[in-house]
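Enquirer: Have a look at the structure that comes next, please.
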């Protein structure tokens, strides 16, 4: 569907070129507008598309600027208006007049009005901060733990790395995989039932951007430990401090980074 | 002497090269399997694994060499392509996901390693059956398939509507070769058909059966065209899920008094995919209810919400298993603010209303207020009524309440306002009760107001104005000429 917009832009460009050669300011005007519309909409192919309001604003600005441009010279302005006048008044343009002025334009205006006045019921959208500001310290089963600057103690224990990773793997598949996925891609077999859907650990936009202390905090406190602004009330993430020990959380964190090929941000 | 030495040297080099390359290939398959398959299927392929208690159905044990999903005749081993297909596509409705991250060579190595757990079975390669082109679905073919569905006794296990609720499927000996109790497939849920849900997939299943289960091969007992007719009929039973965030409830003169009133079938619905209650003990890692369908109607005074779900075996609490049940949950205060109660049973600051129904007491609903999963109290005044029914594998529960009740603090439902709701459903056969069950996220319902007058008036008016404007402009321009 999105791929239609570059085509629209190309058609606009074609009309512009032909109209410049044929010296028709009216079609030049239409062609440029089509080109601008097509280009603005094509932005959605590369990045987030412009919201409808912004689109309306840009298009209104374009119409306005083009109008000024074409009306600076009296002769150009006359030429611009000429086809409009012809359709409205020329005797040999009767069919075109009936089709455009008496049928298409009223229908189009009616449709635009319908689109504006029809009731549009949209459920409320709640804003949500995905990566909340980490807390400086937490209480883990009654014991204070400083989160800022905290590192995974198991990373230094090179001798037991394989064993710790295996233990972490077991913890992951007994506590996390049904939501976060067999492949740690956030597509566990129960994931579809929840909103927000569980985040993936693969890719560069979640744990790869986080220090391990953040991950420890999120696992330990789950939805209940989320600060206001992150609307915790929909999250299915348990507070794992009730279910896992400190050591176990470090092991599963170790496994999650290792299995996804990510390195914790320091 | 030199020649002999050279020959020996060459042989040693060649042999070690062959050995190294062979073992390197082995180790790649084993490495990948141990990394990504062993957590469920076990390091020795015997399904003694980390997840065996957390998955229903259980992960496959490869050591017996019995494969449920094949394209080869009953008794033959699956082809490499069959195993590859499962690795690539996964098994819908189970925890086996589609593994798309691996290269073809990596999958090949994994398949080779999986086969080593039962080497005897794979001595001779299985020959796949030919799957021709499926016939075009027509009313006549579906009718023929339906007839065969009864004649070939599919109905005894899979039930009349194909929801997997046939009587035979619930006998004590209904187990697979691995000793696990199993249930017949629910054809109406294509999203949980392990062997795929296309007509070809169904045809294949009917033809070669499912290894290690009571689903046998019908290759010899049914003609090819009959198996296709059956597959086309079974395909016609599949329902498509309609997922969304909000359901709009239409106005009606009177709300139907029965759960099976045909008026319900025409109403708009929304499907809610279900997760498990995983936040509080006892947790439910293996909920069997995967989907709940919601629809509604409202009149001048009342509104009704129907909750509908598949359950292969009804439990009323009489057989020692918990009773089936469902509840619908609303925030205590319905506002359009962003802040909703916790999605499962609320919290101290944000309580929720529960309309709690149990199959042990079909005509009754208990209105409760929950301030968290461990803080639930019955309300003194009950304003909700319920009608419920179980028919051929399908539960239907209809809750009804006045738009505005006389009870103080009860939430009011106004046309045009979105009301958050969520659902929890409990399958007694699966040992679910209390807070152990299938849960949904928050969704919205809204009573759709009558179309405002402006929609009928303004557009024609504007069109007329433009028409008249065009006409007069044209007239004046022409008269100037």
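Chains as they are written, first to last, in the working numbering: chain A, 11 to 276; chain B, 96 to 576. Beta carbons are placed, not taken as given, at the ideal position from N, Cα and C, and that holds for glycine.
#1: Of the residues 458(B), 155(B) and 328(B), which one's Cα is nearest the Cα of residue 283(B)?
#2: Using a Cβ cut-off of 7 Å, which residues of the stretch 234-261 of chain A contact any Cβ in chain B, in chain order?
#3: Tell me, please, which residues DSSP counts as bridged to residue 515(B).
#4: Please compile the residues from chain A whose C-beta is within a distance smaller than 8 Å of the C-beta of residue 145(B).
#5: Between the alpha carbons of residue 386(B) and residue 404(B), how many angstroms are there, rounded?
#6: CA-CA distance, residue 496(B) and residue 508(B)?
#7: Could you check whether the Cβ of residue 343(B) sits closer than 8 Å to any Cβ belonging to chain A?
#8: What is the residue span of the alpha helix (DSSP H) that residue 319(B) lies within?
#9: Using a threshold of 8 Å, state whether the C-beta atoms of residue 169(B) and residue 154(B) are closer than that.
#10: Given that residue 156(A) touches chain B, what residues does it touch there, using C-beta distances under 8 Å?
#11: Apply the 10 Å Cβ neighbour rule to residue 300(B) and answer buried if 16 or more other Cβ atoms are within range, or exposed otherwise.
#12: Just by C-beta distance, which residues in the stretch 199-213 of chain A are closer than 9 Å to chain B?
#13: What distance in whole Å lies between the Cβ atoms of residue 232(B) and residue 253(B), which are believed to be in contact at a cut-off of 8 Å?
#14: In the DSSP output, which residue or residues are listed as bridge partners for residue 335(B)?
#15: Once you ignore the five residues that flank residue 136(A) on each side, which residues in its own chain have a CB closer than 8 Å to its CB?
#16: Is any beta-carbon of chain A found at less than 8 Å from that of residue 373(B)?
#17: I'd like the span of the alpha helix (DSSP H) that includes residue 208(B), first residue to last.
#18: Kindly indicate if chain B contains any beta-carbon less than 8 Å away from that of residue 111(A).
#19: In this structure, does DSSP put residue 425(B) in helix, strand or coil?
#20: Residue 445(B) lies in the beta strand (DSSP E); which residues open and close that run?
#21: If you draw a straight line from the alpha carbon of residue 476(B) to that of residue 460(B), how long is it in whole angstroms?
#22: So, with DSSP's three-state summary, where would you put residue 307(B)?
#23: Is the number of C-beta pairs between the stretch 298-312 of chain B and the stretch 352-372 of chain B that are closer than 8 Å three or more?
#24: From residue 143(A) to residue 276(A), what distance separates their C-alpha atoms?
#25: With a threshold of 8 Å, are at least 3 pairs of Cβ atoms found where one atom belongs to the stretch 225-237 of chain A and the other to the stretch 251-269 of chain A?
#26: Looking at the unbroken alpha helix (DSSP H) that takes in residue 262(A), where does it start and where does it end?
#27: Going by DSSP, what residues sit across from residue 401(B) in a beta bridge?
#28: Less than 8 Å between the CB atoms is what I'm expecting for residue 12(A) and residue 55(A), so what's the real figure, rounded?
#29: Which residue from 312(B), 542(B), 567(B) and 249(B) puts its Cα closest to that of residue 511(B)?
#30: Can you check whether the CB of residue 95(A) is closer than 8 Å to the CB of residue 566(B)?
#31: What does the Cβ neighbour count give for residue 182(B), buried or exposed, with the cut at 16 atoms within 10 Å?
#32: Would you say residue 561(B) reaches chain A, if we count a Cβ-Cβ gap shorter than 8 Å as a contact?
#33: By Cβ distance, which residues of its chain are closer than 8 Å to residue 146(A), with the 5 residues on each side in sequence left out?
#34: Are any of the Cβ atoms in chain A nearer than 8 Å to that of residue 120(B)?
#35: Going by alpha carbons, who is nearest to residue 194(A) out of 191(B), 330(B) and 251(B)?
#36: Checking contacts by CB at 8 Å: is residue 572(B) closer than that to chain A?
Expert: According to the data block:
#1: 328(B)
#2: Within the stretch 234-261 of chain A, the qualifying residues are 241, 243, 244, 246 and 248.
#3: 539(B)
#4: 179, 180, 183 and 184
#5: 7 Å
#6: Roughly 10 Å separates the two Cα atoms.
#7: yes
#8: 319-331
#9: no
#10: Under the 8 Å cutoff, chain B gives no residues; its nearest Cβ is about 27 Å from residue 156(A).
#11: For residue 300(B), the number of other beta carbons within 10 angstroms of its own is at least 16, and it is reported as buried.
#12: 199, 200, 201, 202, 203, 204, 205, 206 and 212
#13: The Cβ separation is near 19 Å, so there is no contact.
#14: As far as DSSP is concerned, residue 335(B) takes part in no beta bridge.
#15: Its chain contains 241 as the residues whose beta carbon lies nearer than 8 Å to that of residue 136(A), once the 5 sequence neighbours on both sides are disregarded; these appear in chain order.
#16: At least one CB atom of chain A sits nearer than 8 Å to the CB of residue 373(B).
#17: 199-210
#18: yes
#19: strand
#20: Looking at the DSSP string, residue 445(B) is not in any beta strand (DSSP E), and its letter there is neither H nor E.
#21: 12 Å
#22: coil
#23: no
#24: 16 Å
#25: The answer is yes - the stretch 251-269 of chain A touches the stretch 225-237 of chain A, with three or more Cβ pairs under 8 Å.
#26: 256-270
#27: 390(B) and 493(B)
#28: Contact flag correct, Cβ pair sits at about 5 Å.
#29: That would be 542(B), whose Cα lies nearest to the Cα of residue 511(B).
#30: no
#31: buried
#32: The beta-carbon of residue 561(B) is placed less than 8 Å from the nearest beta-carbon of chain A.
#33: Shown here for residue 146(A): same chain residues with a beta carbon closer than 8 Å to its own, the five before and five after excluded, namely 156, 157 and 158 in chain order.
#34: Any reading at residue 120(B) must be qualified, since the residue scores a pLDDT of 49, below 50, and its modelled position is unreliable; the value itself is stated next. Answer no: the Cβ-Cβ gap between residue 120(B) and chain A never drops below 8 Å.
#35: 191(B)
#36: yes
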